[in-house]
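From first to last, the protein sequence lines stand for chains A and B.
The first sequence begins at 11 in the working numbering and counts up by one.
The second sequence begins at 11 in the working numbering and counts up by one.
Reading through the structure tokens given below for one structure.
Number of protein chains: 2
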Amino acid sequence: MTDNKDNKQELLRCGLRLFSSRGFDGVSTADIVSAAGVTKPTMYHYFGSKEGLLEEILHNHYGNFISELENAASLPEDIALTFFRFAKVCFDTARRSPEFFMLRAGLMMRVGQDTAYLAAKPYIDRESAIIKQFFDTAASHAGNIKGKETMCTLSFVGTINATISAYLQSGDESIISDETIYKLRQQFLYGIYS
Amino acid sequence: MTDNKDNKQELLRCGLRLFSSRGFDGVSTADIVSAAGVTKPTMYHYFGSKEGLLEEILHNHYGNFISELENAASLPEDIALTFFRFAKVCFDTARRSPEFFMLRAGLMMRVGQDTAYLAAKPYIDRESAIIKQFFDTAASHAGNIKGKETMCTLSFVGTINATISAYLQSGDESIISDETIYKLRQQFLYGIYS
DNA sequence: GTTCTATTATACCGAACGGTATAATGTTTG
DNA sequence: CAAACATTATACCGTTCGGTATAATAGAAC
Chain A
11 MTDNKDNKQE LLRCGLRLFS SRGFDGVSTA DIVSAAGVTK PTMYHYFGSK
61 EGLLEEILHN HYGNFISELE NAASLPEDIA LTFFRFAKVC FDTARRSPEF
111 FMLRAGLMMR VGQDTAYLAA KPYIDRESAI IKQFFDTAAS HAGNIKGKET
161 MCTLSFVGTI NATISAYLQS GDESIISDET IYKLRQQFLY GIYS
Chain B
11 MTDNKDNKQE LLRCGLRLFS SRGFDGVSTA DIVSAAGVTK PTMYHYFGSK
61 EGLLEEILHN HYGNFISELE NAASLPEDIA LTFFRFAKVC FDTARRSPEF
111 FMLRAGLMMR VGQDTAYLAA KPYIDRESAI IKQFFDTAAS HAGNIKGKET
161 MCTLSFVGTI NATISAYLQS GDESIISDET IYKLRQQFLY GIYS
């Protein structure tokens, strides 16, 4: 009986789980293959290197996430709707794949020349650009945002990340409910439209 | 001529710098002592272990930071003032010691059982408790906060961290100016008092 | 049944890891 | 000057690291 690509998927799963909980440098290739029930040459056959495994994990999960963000930004002139959609995509992704969001959070907050950070940087930059572009467009439709674009972007991203982080630590799904989005949006837009 | 405790300070400095840019697991003891211009036994003489070095770094910087946060929370019933003071402490600390804030950011966003994260957890929890207690007290003085305490805490912390992160990446000090604090406070309190 | 190809297991590599035993230093104290 | 001390350098420990050479295995095609 051949496991075929089963082992590859198992390696991707275990890699994500371990990287998210102990960091890229905190996990050894031996840990990963042991968790996946295979041996090292199998892993190097599929991914070429430890970094290659990380890159494929990022490509899969971060790629999806960014696609959904881009879809959510299809009506940027509707600020309230896009706000909701953005938050919804983030919360849904965090609920569906908490480990990806842990990994993403750990990589986002790095500033130096860490290998793993460099691999994630293109995705992080793209994500930031989508949010920033939304607030830039929004500023041209709601004059009172003008001059606050950067602050709005930072506040939005920071709030969403902190909220998801609280969910990941507690496991309490009510933290990332639609109701939370409504409350956040209300607070956020009241501040803007003042 | 004796360098005396000079080497210890140099080790603390280099440790902070390297840990903040490449992460605890991404830095070797050889890297640290090489940067500090000493040898490994010197480092193990002072700190006992690589983790001991991290703990002393955290004790020094995080201890100061938390003390200042506690001072800033001395008048919790004055919401606007305390908001300003909290943000001011964070921004000033980030300006004075950006490397500490990078290190803190990288450690805060971890969820698993990483060694470095466990060393930082007491400080992170204490910090969260101070902010949370402020919003709890504030809720008893401003009824419209009631029920939003957690959300306010998350939003505040997330926004501050994202703002500082943007400053650390760009180096643009205007991002963490007093003017930014005023804008953030206005947006924040308008949302709350609605 | 044999050849071909893709995948896996065994066993191992040199380098780097965190950490240390030993002893030589320089400085302080008597 | 000599004893006591804190600090440092040399040299090395066993282990783990990321990565690989080699070959056994299994299924597909003929």
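Where is the CB? At the ideal position from N, CA and C, for every residue including glycine.
Around B:Asp124, the beta-carbon contacts reaching into chain A at under 8 Å are Ser31, Arg32, Gly33, Gly36.
The count of Cβ pairs closer than 8 Å, one atom from the stretch 122 to 139 of chain B and one from the stretch 25 to 33 of chain A, reaches three, so the stretches are in contact. Contact annotation, A:Ile185 with A:Arg136: C-beta distance approximately 26 Å; criterion of less than 8 Å not satisfied.
DSSP, reduced to helix, strand and coil, places A:Pro108 within a helical segment of the structure shown. Taking 8 Å as the cut-off between beta carbons, the residues of the stretch 166 to 183 of chain B near chain A are Val167, Gly168, Thr169, Ile170, Asn171, Ala172, Thr173, Ser175, Ala176, Leu178, Gln179, in sequence order. Contact between the stretch 138 to 154 of chain A and the stretch 41 to 53 of chain A is absent: fewer than 3 CB-CB pairs across the two stretches fall below 8 Å.
At a beta-carbon threshold of 9 Å, the residues of chain B lying near A:Thr190 are Met161, ordered along the chain.
Against B:Ala97, chain A offers no close residue; the least beta-carbon distance is about 12 Å (beta-carbon pairs closer than 9 Å). Annotation: A:Leu63 to B:Gly62 spans about 32 Å, alpha carbon to alpha carbon. For B:Glu78, the enclosing alpha helix (DSSP H) covers residues 60 to 82.
Using a Cβ-Cβ cut-off of 7 Å, A:Gly25 does not count as an interface residue toward chain B, since no Cβ of chain B sits closer than that to its own. Per the C-alpha coordinates, the member of A:Met118, A:Ala149, A:Lys60 positioned closest to A:Glu87 is A:Ala149. Note that the C-beta distance between B:Ala176 and A:Leu128 is not below 7 Å. Within chain A, the residues whose beta carbon sits less than 8 Å from that of B:Lys193 are Lys158, Met161, listed in sequence order. Under the Cβ criterion (8 Å, minimum of three pairs), the stretch 179 to 196 of chain A counts as touching the stretch 93 to 104 of chain A. Residues of the stretch 88 to 122 of chain B whose Cβ lies closer than 8 Å to any Cβ of chain A, in chain order: Met112, Ala115, Gly116, Met118, Met119, Arg120, Val121, Gly122. Take the alpha-carbon of B:Ala152 and the one of B:Phe198: they are about 14 Å apart.
By the criterion of a C-beta distance shorter than 8 Å, A:Ala45 is surrounded in its chain by Cys24, Arg27, Leu28, once the five residues flanking it on both sides are discounted. Remark: C-beta atoms of A:Ala172 and B:Gly168 approach each other more closely than 7 Å. Within the model, the alpha-carbon separation for B:Leu194 versus A:Asp102 is close to 27 Å. Measuring C-alpha to C-alpha distances from B:Leu79 to each of B:Ser38, B:Ser59, B:Tyr133 identifies B:Tyr133 as the nearest. The beta carbon of B:Phe93 sits closer than 6 Å to those of Arg195, all from its chain and outside the five residues before and after it, given in chain order. Contacts between A:Leu164 and chain B, judged by CB atoms closer than 7 Å, involve Thr169, Ala172, Thr173, Ala176 in chain order. If you look at B:Phe144, you'll find it in the alpha helix (DSSP H) that goes 125 to 151.
Taking all protein chains shown into account, A:Leu178 has 16 or more neighbouring C-beta atoms within 10 Å of its C-beta and is therefore buried. Taking all protein chains shown into account, A:Arg106 has fewer than 16 neighbouring C-beta atoms within 10 Å of its C-beta and is therefore exposed.
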